Amino acid sequence: MTIVRTPEELENLKEKLVASSDPDRPRVSVCCGTGCRVLGSMDVIEAFRTELGSRGLGNEIGIVGTGCHGFCEKGPVVVLKPSGIFYQRVGVDDVAEIVSESLLNGAVIDRLIYVDPASGARVIYEEDVPFYQKQQRLVLDLNGDIDPTNIEDYIAFGGYYGLSKALHQMRPEKVVEEVTQSGLRGRGGAGFPAGLKWSLCREAKGDTKYIICNADEGDPGAYMDRSIMEGNPHRVLEGMIIGAYAIGAHEGYVYIRNEYPLAVENLRIAITQAEEYGLLGQNILGSGFDLSIHIRPGSGAFVCGEETALMASIEDRIGEPRPRPPYPAVSGLWGKPTNINNVETWANVPIVIDRGREAYSQIGTDQSTGTKIFSLVGNINNTGLVEVPMGATLSEIVYDIGGGIPAEKDCKAVQLGGPSGGCVPKEHFDVPIDYESLQELGAIMGSGGMVVCDEDTCMVELARFFMDFVQQESCGKCVPCRLGTRAMLDVLTGITRGLGQEGDIEYLEELGRQITASSLCGLGQTASNPVLSTIRHFRDEYEVHIRDGRCLAHVCKSLILYSIDAEKCTGCGRCLRKCPAEAISGAKKEPHVIDQDKCVKCGTCLELCKFDAVVVE
Amino acid sequence: MVTLSINGQQVQGVDGSSILEVAREHGIEIPTLCYHEALEPYGGCRLCVVELKAPRGPRLVASCVYPAEEGAVVETDSEIVHRSRRMTAELLLGAAPNAKVIQALAARMGVEKPRVSLSDNNCILCGLCVRACREIVGANAISLVNRGFTKEVSPPFEIGSNACVGCTTCVFLCPTGAIKLEEVLANRSVHHWDSDFEAVACKICGDHYLAPELAVDVEKVLSEENA
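One line per chain: the protein sequences are A and B, in this order.
Residue numbering for the first sequence is 192 to 808, as defined by the working numbering.
Residue numbering for the second sequence is 3 to 229, as defined by the working numbering.
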């Protein structure tokens with residue numbers, strides 16, 4: 192362990208680390224993000240250790256367990272360095288062969304390489320995988336290279352240089368100015384300019400100030416912040432230390448979901464290591480600046496992602512939002528001026544400072560600079576974590592990076608920003624993704640959840656799903672949110688069950704507008720967005736549900752009927768045997784019949800029938 | 003002092019007052035449910051919303067918690083205010099259809115029947131009882147628990163708490179009659195919280211009215227005064 196007391200010592204440490212690691216030394220990078228862990232990457236990495244150990248290659252070939260590489264669809268992902276050979280869906284059984292064939296002989300194992308489903312091309316190297324080619328990895332760039340539990344890996348790649356520059360070459364005002372000029376906007380969803388937020392807190396009266404990292408990522412299907420903290424926690428810490436210096440805070444909190452055990456663990460390790468290296472705590476890098484950072488695990492409430500509820504939770508009070516003003520910048524945690532940014536925003540800060548505002552602001556668009564990380568989920572071929580420059584289009588993300596929709600189905604829309612966001616229909620996929628353009632479409636950037644919906648998605652049911660989530664997660668303090676979201680859920684549930692009535696759509700619109708206008712906090716003010724945006728873009732689907740009692744996507748069970756086409760049915764009995772409700776009858780080699788009273792509409796017969804005889808209406 | 007405009011009228015208020023306080027001082031009526039002048043404002047019922055046209059408007063804000071700022075332009079009677087209040091009243095009527103105060107409120111807002119029936123629980127979660135128990139009585143015997151539609155007022159762990167001193171302030175403040183008190187001679191119980199205890203009798207009139215915990219304090223105060 193080395194205590195780094197000056198910028199020169201940081202430089203020396205980096206040079207020493209770079210010199211001691213031969214860039215040509217063979218290494219195995221195994222993704223150990225949560226997704227790949229679930230798929231068995233910890234066993235894979237252990238198998239590599241055993242295999243290399245038994246061959247006496249433990250010192251010659253390095254093994255790095257890294258954070259999330261992003262291509263979760265194909266995990267566990269293994270990349271061989273320096274060659275860059277990319278292996279996907281690697282199992283324990285593949286390890287011996289990878290060592291003997293690829294690491295020792297340089298051969299490529301055919302069955303483990305990635306085949307692009309679009310072109311059928313066989314892709315050997317990571318950099319050629321289409322999923323990565325259109326991305327611009329600014330925040331996630333080191334995720335595939337560094338061991339997140341080793342601070343020296345981060346330093347070897349230039350980590351803490353931004354901090355060193357801020358502390359020793361810039362006055363705090365200058366740091367705020369730099370962040371303001373870079374155009375960095377809050378990545379938590381609303382896109383408030385980060386520099387402006389900092390300057391409000393910096394200028395607020397008071398000797399004691401706090402900074403908070405909002406790591407309470409709660410949108411269903413979103414795991415951007417999780418992967419940053421799991422894969423590169425030091426970048427978040429470095430951003431926080433720079434921010435604290437700029438604002439004049441000496442104490443900081445990371446409010447993190449306790450459902451993210453690996454992120455909590457890696458962050459704890461990172462804090463301890465940064466303290467040991469003199470990069471956190473007293474007299475950071477010999478500058479005289481002090482900062483301590485505490486971890487506050489959350490208690491599982493979605494609403495605690497809201498700034499004021501989050502602070503109440505840190506103060507050990509009920510996680511309920513409070514009205515603003517006073518704004519946290521003036522009166523926040525324990526009544527002191529407080530600056531809250533989310534994980535991705537903090538992680539951008541070292542990049543802004545290290546590379547300078549001009550270099551940073553050249554990425555993205557004029558109004559929305561830098562990159563944005565999205566978690567691409569839903570009906571998409573390449574599920575995973577995607578980082579693109581602001582201004583990229585949805586079409587690029589869904590088709591070029593995401594590889595399109597499985598089973599060659601058509602795409603209908605993308606739901607952005609989770610339960611607070613809205614959907615963007617396919618017609619608008621060429622609109623650049625920036626804060627303003629999305630708002631015009633009735634969607635929001637949000638924190639980065641991107642749920643792709645194929646043609647079989649019922650947009651009414653999608654809206655009902657998000658409304659169910661929001662009404663459960665509403666804190667219940669104010670009437671429009673507590674009762675309004677419940678009323679919306681009741682109406683939506685009615686529509687999906689065939690009980691919709693004329694006037695329901697107009698009621699939903701009016702109720703939605705009032706919940707937005709009258710609710711206390713951001714959760715309520717955005718709760719209606721999924722409903723309002725699906726009505727806006729898919730009003731005809733609502734109308735067909737209500738007027739005709741039909742669900743064209745065949746999702747709403749009360750509105751569909753399964754039947755068997757007597758002409759196509761061969762009477763093979765396959766469906767009859769597997770029907771869980773025993774609703775199908777018919778003699779052998781005679782057309783079968785579904786008893787509608789017994790049918791539970793599970794779709795098993797539809798999946799099983801080899802003769803396309805099962806019809807859904 | 004701050005000067006602001008409410009419904010086109012220039013009015014003045016003490017620094018730090020809320021829009022609601024200034025409005026009421028000038029005889030401008032704004033409906034409220036969860037507000038009580040003796041308690042910290044809560045901003046929960048949203049009936050007191052007003053239209054803030056400037057600064058940074060137009061938008062709706064809850065007047066009980068929004069500070070009266072210099073130069074603010076406020077409308078308490080505009081169409082968007084009425085639409086919001088009507089919807090709030092309708093939702094409340096759908097959740098507490100039997101509460102007299104809600105029926106009257108809904109009638110005043112022109113709501114006849116709620117479009118969605120949500121429950122028939124008289125408690126509207128205005129939080130007056132909880133705040134009074136904490137801020138005035140200092141007993142902290144009850145609090146708001148759970149989230150969303152399952153939120154309710156409850157003693158800790160839903161067990162009758164001996165922190166309740168039976169002062170009945172909650173019963174007195176509850177606008178909908180959701181909290182009921184039963185007094186049987188020497189016994190006093192607040193149904194909602196399962197609190198039940200013998201009351202101490204007054205030495206002069208003989209009525210039982212005081213919680214045993216409070217009797218100690220009263221005796222102390224009286225003895226100090228007599229000394």
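We put the beta carbon where it would ideally sit given N, CA and C, even for glycine.
It should be emphasised that the depicted structure is a prediction, and the values quoted were computed from it without experimental measurement.
- Of the residues A:PRO610, A:GLY715, A:SER709 and A:GLY569, the one whose Cα lies closest to the Cα of A:GLU646 is A:GLY569.
- Rounded to whole angstroms, the gap between the alpha carbons of B:ILE138 and A:CYS392 is 34 Å.
- Using a CB distance below 7 Å, no part of the stretch 24-43 of chain B faces chain A.
- Per the coordinates, the alpha-carbon of B:GLY73 lies some 25 Å from the alpha-carbon of A:PHE383.
- With fewer than 16 other beta carbons inside 10 angstroms of its own, A:ASP756 counts as exposed.
- Contact check for A:LEU294 and A:SER418: beta-carbon distance about 27 Å, past the 8 Å limit, so the pair fails to qualify.
- For B:ALA97, the closest Cβ of chain A is nearer than 7 Å.
- As the crow flies, the alpha-carbon of B:HIS210 is around 40 Å from that of B:GLU31.
- Listed by position along chain B, the residues whose Cβ is nearer than 9 Å to that of A:ILE509 are SER145, LEU146 and VAL147.
- Rounded to whole angstroms, the separation of the alpha carbons of A:LYS563 and A:ARG376 is 10 Å.
- A direct Cα-Cα distance of roughly 32 Å separates A:THR463 from A:GLY637.
- In this structure, the straight-line span from the alpha carbon of A:CYS800 to that of A:ASP621 is close to 39 Å.
- Going by beta carbons, A:VAL286 and A:PHE239 fall inside the 7 Å limit.
- Assigned with DSSP and collapsed to three states, B:ILE206 falls in coil, not helix or strand.
- Interface flag for A:ARG302 against chain B is unset, since no Cβ pair is found closer than 7 Å.
- Listed in chain order, the positions of the stretch 678-690 of chain A with a beta carbon within less than 7 Å of a beta carbon of chain B are ALA678, ASP681 and VAL682.
- Assigned with DSSP and collapsed to three states, A:CYS263 falls in helix.
- Counting along the chain, the unbroken beta strand (DSSP E) around A:THR257 starts and ends at 253-257.
- Between A:THR536 and A:ARG378 the beta-carbon gap is near 5 Å, inside 8 Å, which marks them as a contact.
- By DSSP's assignment, A:CYS222 forms a beta bridge with A:THR257.
- A:PRO516 has its alpha-carbon roughly 20 Å from the corresponding atom of A:ILE706.
- A:ALA461 and A:SER390 have their C-alpha atoms spaced approximately 28 Å apart.
- Looking at A:GLU697, A:ALA406 and A:GLU429, the one whose alpha-carbon comes closest to that of A:LEU453 is A:ALA406.
- Classified as exposed, A:GLY740 has fewer than 16 neighbouring CB atoms from the shown chains inside 10 Å of its CB.
- Within 10 angstroms of the beta-carbon of B:CYS207 lie fewer than 16 other beta-carbons, which makes it exposed.
- Note on geometry: alpha-carbon atoms of A:CYS672 and A:LYS388 lie some 27 Å from one another.
- Between A:VAL320 and A:HIS260, the alpha-carbon positions lie close to 12 Å from each other.
- Listed along chain A are PRO514, CYS669, SER709 and LEU711, each with a C-beta nearer than 9 Å to that of B:ALA64.
- At a C-beta separation below 7 Å, A:LEU702 has these neighbours in chain B: MET89.
- By DSSP's assignment, A:LEU482 forms a beta bridge with A:GLY472.
- At least one C-beta of chain A is nearer than 7 Å to the C-beta of B:VAL118.
- In the pairwise beta carbon analysis, the stretch 256-272 of chain A is classified as touching the stretch 327-341 of chain A: at least three pairs are separated by under 8 Å.
- For the stretch 147-177 of chain B, the residues whose beta carbon sits under 8 Å from a beta carbon of chain A are, in order, ASN148, ARG149, GLY150, PHE151, THR152 and LYS153.
- Chain-order list of chain A residues neighbouring B:CYS47: VAL670, by C-beta distance under 7 Å.
- By the rule that beta-carbons nearer than 7 Å mark a contact, A:TYR733 does not touch chain B.
- Look at the stretch 364-394 of chain A: it has no residue with a C-beta under 7 Å from a C-beta of chain B.
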